[in-house]
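Take a look at the structure set out below.
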Amino acid sequence: SHRISANPFNLVVSLIFLIAILHTFMANKLTAKAHQIHEEHDERMKAAGASEEEIKHDIPFKAELFHFLGEVEVVFGMWVIALLFITIGFFDWTTFKNYMVYDRVFIEPMFVVVIMAIASTRPVVKVSEQLLGLAAGLGGHSKAAWWFSILLIAPLLGSFITEPAAITIAALLLANQFYKHRPSSGFAYATIGLLFVNISVGGTLTHFAAPPVLMVATPWDWSMGFMAANFGWKAALGILISNVLYFIVFRGQFAKMGKDEAKEASTEFHTPEVRKLKPGQMSHDEFEAMWEERDTPIPWWVTLVHLCFLAWTVYTAHYPALFIPGLLFFLGFMSLTATHQNKVELKGPIMVGFFLGGLIIHGGLQAWWIAPVLGSLPELPLMITATVLTAFNDNAAITYLATLVPNLAEASKYAVVAGAVTGGGLTVIANAPNPAGQSILGRFFEHGVNPLKLLIAALIPTIIMGICFMVLP
């Protein structure tokens with residue numbers, strides 16, 4: 062209350078942040094409303110005698126507006142506009158400009174855009190599929206084997222190729238090996254919840270791959286050995302336990318998905334007949350879909366160059382002046398090897414970067430109340446509090462604020478980081494890589510990923526991870 066009375070601006074910016082969070086929880090309802098308005102508009106045009114072509118090109122503004130408001134990735138950036146006017150009202154334009162330019166660091170959003178763009182390319186996905194296929198082969202390459210292998214191995218790879226790259230690859234493989242087989246809604250949410258939690262803790266084997274760990278590694282002098290000994294093995298065990306538990310609960314649904322195999326739209330993508338099809342023999346959209354699903358081999362040197370660009374981006378992750386030109390060179394290489402590539406999709410990565418940028422702007426103004434909370438609690442309550450706070454604020458912001466607390470005990474340092482990574486799967490905003498996963502898998506959920514259902518789905522693995530970090534020595 063003293064901080065609010067001394068500077069009411071603190072309360073106002075936190076209220077804006079709260080409204081933005083509530084907006085993200087309402088996003089799927091806004092998207093549903095957009096579809097409803099669009100359908101009603103089309104029905105009215107049909108009744109008026111309009112042709113299909115006229116209906117297709119007459120897009121109602123109101124429907125587009127609701128669709129825009131329902132895009133989770135634009136929410137925090139949109140509410141920065143309100144923050145702009147509030148800051149100017151309390152202070153002036155220079156204050157807002159200095160906060161954006163000097164107080165905020167946008168390296169992570171830029172890195173996520175670049176690593177997503179590279180990791181989602183056909184050669185990288187194919188080589189990842191081949192590597193994970195070795196593990197899936199132990200289970201006969203069944204859907205269950207693929208599901209288990211992706212959710213076990215990809216999160217742990219995040220400790221070495223970074224979490225954003227790991228979740229991009231894992232989400233693309235899950236889309237192709239699991240979600241396209243149309244699992245039940247409960248199984249679909251359980252899987253994405255498990256993915257988010259596993260990715261959040263899977264990056265703790267090293268000190269450079271997980272954003273919340275990266276924030277504390279230098280200030281607290283935490284090395285790779287320290288992370289592996291105190292966090293990594295516990296995270297790996299927790300991931301294994303969670304995967305086994307969810308596999309036992311949903312194992313019957315794999316068989317049901319197998320019975321629906323004949324109904325899948327993509328089952329004929331790899332037949333010889335499809336390979337011979339030419340663009341003129343089908344619609345453009347049909348050809349594009351089948352072209353992207355082709356299984357023609359990729360030359361080894363093309364894949365190697367892609368992996369080198371991926372490694373360069375990871376190695377220069379803290380230096381935009383190096384990894385952004387790397388992306389430009391990469392795009393040039395893709396144009397030279399277009400025969401072996403799919404269309405470069407930059408909209409998704411850019412939207413995710415925009416989401417993270419907005420979160421960084423709003424999150425930086427919450428230190429006035431988060432830092433005192435973190436500095437006033439004993440270990441167990443601190444870990445639980447960090448887990449809960451992470452659900453409503455990026456976990457990297459939580460650990461960064463912990464580094465600002467003077468004379469924080471070693472046990473408290475462990476507790477706050479453990480809580481931050483444990484809670485990283487509860488919501489889309491809890492962990493920086495999550496929006497990347499949602500942007501890839503969101504199309505498999507009606508009206509997008511429902512935040513409440515995601516929270517429920519991620520709750521059990523979150524509790525398992527919390528117990529592993531709290532109980533294991």
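The opening position of the sequence shown corresponds to residue 62 in this note's numbering, with each subsequent residue numbered one higher.
Think of the CB as a built atom: it goes at the ideal place given N, C-alpha and C, for glycine as much as any other residue.
Since the model is a prediction, treat every value here as computed from it, not as a measurement.
Would DSSP call residue i helix, strand or coil?
i    : result
Q402 : coil
I359 : coil
G201 : coil
T332 : The predicted model places T332 with a pLDDT of 41, which falls under 50 and marks its position as unreliable; any figure quoted below should be read in that light. Coil, per DSSP.
L520 : helix
G509 : coil
H268 : coil
S181 : coil
Y307 : helix
Y376 : helix
S327 : No answer about S327 holds up, because its pLDDT of 43 lies below 50 and its placement is not dependable.
R58  : This structure leaves residue 58 out entirely; the chain is present only between 62 and 534.
D153 : coil
W283 : coil
V166 : coil
N68  : coil
P534 : coil
L79  : helix
G527 : helix
Leaving out five residues before and five after residue i in sequence, what residues of the same chain have Cβ atoms less than 6 Å from its Cβ?
i    : result
V185 : H367
P170 : G414, L417 and G418
I116 : D103 and M106
P522 : L255, V258 and S303
V262 : A296, V482 and M526
Nearest by alpha-carbon distance to residue i: which of the options is it?
i    : options                   : result
A518 : L462, T488, H63 and I501  : T488
N454 : P433, G484, L441 and A470 : G484
K187 : M285, L513, D356 and P439 : D356
Q379 : K295, G264 and F269       : Note that residue 379 is His in the sequence shown, not Gln. Out of K295, G264 and F269, F269 has the C-alpha closest to the C-alpha of H379.
L417 : V166, I147 and M444       : V166
F26  : L502, V466 and G480       : The displayed coordinates of the chain run from 62 to 534. Any statement about residue 26 would go beyond what the structure contains.
Q499 : Q427, I82, T182 and L233  : L233
P410 : P494, A457 and P433       : P494
D119 : D103, L130 and F129       : D103
L256 : I98, H508, V277 and M526  : M526
C529 : A479, L83 and G486        : A479
V466 : G436, R504 and F137       : G436
N237 : L193, G264 and I260       : L193
N89  : L516, A382, F506 and A67  : F506
A67  : N468, W429 and L516       : W429
L469 : W281, Y307 and F248       : W281
Tell me, to the nearest whole angstrom, how far the beta carbon of residue i is from that of residue j; I am working on the premise that it is less than 8 Å.
i    : j    : result
I176 : A226 : 5 Å
A463 : K474 : 7 Å
N291 : F209 : With a Cβ gap of about 27 Å, N291 and F209 do not count as contacting.
P273 : A481 : 4 Å
H423 : F70  : Not confirmed; about 13 Å, so no contact.
T85  : P360 : That pair is no contact at about 43 Å.
G509 : V135 : Not a contact, Cβ separation roughly 13 Å.
S203 : Q314 : Contact flag wrong, Cβ pair sits at about 13 Å.
A124 : A95  : 5 Å
Which same chain residues end up closer than 8 Å to residue i when comparing Cβ atoms and leaving out the 5 residues on each side of it in sequence?
i    : result
I385 : M171 and V175
A399 : none
V277 : W283, T460, Y461, A463, T464, K474 and V478
L72  : I65
Grab me the residues of residue i's own chain with a C-beta within less than 7 Å of its C-beta, minus the 5 sequence neighbours each way, in chain order.
i    : result
L438 : T446
A180 : A226, T229, I230 and L371
T267 : S220, F221, M285 and M288
H63  : none
F394 : V366
A452 : G484, L487, T488 and A491
F157 : L145, T148 and I149
K324 : Any reading at K324 needs caution, since the residue's pLDDT is 48, under 50, leaving its predicted position unreliable; the model's value is listed next. Excluding sequence neighbours, K324 sits near nothing in its chain.
A93  : H508
K514 : Y250
Any beta carbon from chain B within less than 8 Å of residue i's own beta carbon?
i    : result
G418 : Absence of chain B from the displayed structure is noted, only one protein chain being present.
> Fully enclosed by the stretch 425-506, which beta strand (DSSP E) runs are 3 residues long or longer?
Replying inline: none
>> I'd like the ranges of any alpha helix (DSSP H) spanning at least 4 consecutive residues and lying wholly in the stretch 215-262.
In response: 224-238
>> Which complete beta strand (DSSP E) runs does the stretch 99-134 hold, if anything under 3 residues is left out?
In response: none
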